[in-house]
Amino acid sequence: MKIAVASGKGGTGKTTVAVNMALSVDFPVTLVDADVEEPNGIFFLPLTLEKSGDVSIREPVVNSSRCTSCGACAKACRFNAIAITPKGAMIFPELCHACGGCFMACREGAITERERVIGALSQGKAGNLTFIQGELNVGEALAPPVIREAKKRAEGASLIIIDSPPGTACPMVAAVGDADFVLLVTEPTPFGLNDLKLAVETVRTLGRPFGVVINRDGIGDEGVRDYCAREGIEIVGSVPDDRAVAEHYSRGIPAVDLSPDYKALFKGILRKAKEGISSKEDL
Amino acid sequence: MKIALTASEKNIDTAMDPRFGRAPFFVVYDTEWGSYSFIDNEQNLNAAQGAGVQAAQNVVKTGADVLITGSCGPKAFRVLQTSGIDIVVGVSGSIKEVIERYNKGELKAAQGPDVEGHWV
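Residue numbers (the numbering used here), protein chains in the order written: chain E, 1 to 283; chain Z, 1 to 120.
In structure tokens:
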């Protein structure tokens with residue numbers, strides 16, 4: 001069972017919700033930090049990370065002595081990563097998505113592939129919690145391969161919580177695309193609502209069951225609640241705007257350590273997500 | 001000799017387009033014949049990424065010896081430079097007037113890109 005925690009807007013509380021849900025239960029749970037451009041779940045967890053592997057992609061390399069500048073590779077490239085010059089094809093690795101299209105299109109055998117490390121995976125364990133973190137190397141642009149590999153490491157676990165990257169682009173889709181349920185965390189503000197709408201549109205397109213979690217409830221306005229009511233979206237939980245939570249957060253202390261009430265609150269959100277999955281399976 | 005410039009419209013009396021990768025057209029002026037031709041760059045206008053790279057390739061295809069534009073990033077610069085094309089950046093004005101200035105020797109080729117590259 002995979003539950004992804006996502007949001008359109010950054011900084012709404014995805015990591016807060018994901019980490020606290022994972023720490024609220026006594027049974028085995030695997031938390032995946034898939035926000036590989038800035039993984040920070042570890043700051044709140046009582047465990048030590050150990051590197052468990054590299055993530056690499058296969059990037060194309062041009063052998064200019066065989067290249068005839070025919071342009072077949074550039075034509076095949078959907079990512080505009082290849083330009084043809086009189087001196088042969090020129091590849092821009094930072095634009096390449098490692099799809100292998102150019103390799104297949106080249107009839108001269110001028111393109112070979114080589115492995116390039118773009119990120120790393122690390123892992124840690126504390127009691128019933130297994131934590132897996134993906135991290136994209138500085139200067140790299142391709143987050144989805146690192147996200148997919150981090151998720152692969154979690155496969156087979158009975159309950160997986162995925163802390164997704166913000167936004168609605170490829171990294172977010174790679175994180176939530178196969179989730180059994182998506183928790184969309186938002187702030188009850190016009191900014192939160194604007195990006196929540198984009199996230200809703202994305203998870204609907206992906207055909208994922210989802211519910212909304214309102215974080216810092218009490219600030220802002222009623223826009224998010226009105227929108228959810230209008231769209232028939234269930235609000236599966238709300239976390240109050242509490243200065244004590246923010247202060248502890250800034251010191252790396254999760255809300256569940258503050259009081260049993262918070263533990264119950266996040267456990268309740270997790271339960272709702274699990275119920276959301278089983279109700280879909282009944283249909 | 002051929003001079004390529006970025007253009008917003010197919011009219012040499014209008015202002016040059018300051019953008020390189022996402023300029024709608026390139027105008028190529030042939031100094032030998034005094035003739036102009038317009039090249040479509042429209043497929044790059046909505047490219048998610050790599051507009052500069054493909055625009056540079058379009059310029060290479062025209063056989064131009066020099067490119068005059070507003071600004072040019074590092075990837076496009078590399079493609080043009082490898083293809084032996086001189087790049088003049090930071091230029092504005094009507095296409096006709098800019099060509100005259102170039103012919104008078106008032107415009108000098110850049111040694112490197114003048115703006116940062118940007119990804120998706």
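Where a beta carbon is used, it is the ideal one built from N, C-alpha and C, also for glycine.
Quick caveat, the model's predicted, so the values are computed rather than measured.
- Taking the C-beta atoms as reference points, V224/E is found no nearer than 7 Å to L183/E.
- At least 7 Å separates the CB of F103/E from every CB of chain Z.
- The C-alpha of D195/E is placed about 17 Å away from the C-alpha of R208/E.
- Per DSSP, the continuous beta strand (DSSP E) segment holding L5/Z begins and ends at K2 to A7.
- Under the 8 Å Cβ criterion, the segment 124-133 of chain E does not count as touching the segment 70-84 of chain E, having fewer than three qualifying pairs.
- Apart from sequence neighbours up to five positions away, the residues of its chain that approach A157/E with a beta-carbon distance below 6 Å are T30, ordered along the chain.
- Around G177/E, the same chain offers L206 as residues with beta carbons nearer than 7 Å, after the five sequence neighbours per side are excluded.
- In this structure, the CA atom of G232/E is about 25 Å from the CA atom of I161/E.
- One finds nothing in chain E with a Cβ atom closer than 9 Å to the Cβ of T6/Z; even the nearest lies about 17 Å away.
- Remark: fewer than three beta-carbon pairs, one from each stretch, lie closer than 8 Å, so the segment 33-41 of chain Z and the segment 75-84 of chain Z are not flagged as touching.
- Residues of chain E whose Cβ lies closer than 8 Å to the Cβ of A56/Z are, in chain order, A83.
- In the structure shown, the three-state DSSP call for P171/E is helix.
- Chain E places a beta carbon closer than 7 Å to that of A47/Z, counting this residue as a contact.
- Listed along chain Z, the residues sitting closer than 7 Å to K87/E by beta-carbon distance are T82.
- Collapsing the DSSP output to three states places D257/E in a helix.
- Look at K2/Z: its C-beta is not under 7 Å from any C-beta on chain E.
- If you ignore the 5 residues before and after S64/E, its C-beta comes within less than 6 Å of the C-beta of G88, all in its own chain and listed in chain order.
- With at least 16 other beta carbons inside 10 angstroms of its own, I95/Z counts as buried.
- Closest option to D54/E, judged by alpha-carbon separation, among A175/E, R271/E, Q133/E and M172/E: Q133/E.
- Under a 10 Å Cβ-count criterion, G50/Z is classified as buried, with 16 or more other Cβ atoms of the shown protein chains found around its own Cβ.
- In terms of Cβ geometry, V256/E and L23/E form a close pair [threshold 7 Å].
- Taking the Cβ atoms as the reference, Y249/E lies roughly 7 Å from T16/E, within the contact range of under 8 Å.
- The C-beta of L136/E comes no closer than 7 Å to any C-beta of chain Z.
- Within the segment 34-62 of chain E, no residue places its CB atom closer than 7 Å to a CB of chain Z.
- Contacts with chain Z at 7 Å (Cβ-Cβ) do not include F191/E.
- In the DSSP assignment, K125/E forms a beta bridge with T130/E.
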